[in-house]
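Engineer: Heads up, the sequence shown is in our numbering, so the first residue is 42 and it goes up one at a time. The beta carbon of each residue, even a glycine, is placed where N, CA and C say it ideally should be. Since the model is a prediction, treat every value here as computed from it, not as a measurement.
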Amino acid sequence: MTYVVTDNCIMCKYTDCVEVCPVDCFYEGENALVIHPDECIDCGVCEPECPADAIRPDTEPEMEQWVEFNRKYSEQWPVITQKKDPLPKAEEMDGQEGKLEKYFSEAPGEGD
């Protein structure tokens, strides 16, 4: 099992999760985070820390696409280990439908 970041992170990018991760397996894109599925130790401490409820275990239905999504971008983006401010419209964007298609950016973030 691993945990993955889903589309609700897009345009929110809360980083409460990276602060509690014991293995530093979060990677930062311009407007989202991902978890490297091979580095995640399945501890689950990140899941309850996410205000947007964007972190899910891969054992939930239809998570296969998110495992591959997280794998792809974690291999391209820089690691992030420190909490940063969320994106300016995070509260407004939280829970919005279709964020992957409408807003996702493949550009890397700044990392640490």
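(1) Hey, how far is the Cα of Ser146 from the Cα of Pro119?
(2) Which one or two residues does DSSP pair with Phe110 in a beta bridge?
(3) Between which two residues does the beta strand (DSSP E) containing Leu74 stretch?
(4) Is the number of C-beta pairs between the segment 48-56 and the segment 134-151 that are closer than 8 Å three or more?
(5) Per the DSSP calculation, Pro98 is bridged to which residue(s)?
(6) Which of the three DSSP states, helix, strand or coil, is assigned to Tyr144?
(7) Specify the secondary structure class of Pro92 as computed by DSSP and reduced to three states.
(8) Would you list the residues sitting across from Gly70 in a DSSP beta bridge?
Structural biologist: Considering the structure as presented:
(1) 14 Å
(2) DSSP lists no partner for Phe110.
(3) 74-76
(4) yes
(5) Tyr44
(6) helix
(7) coil
(8) Pro149
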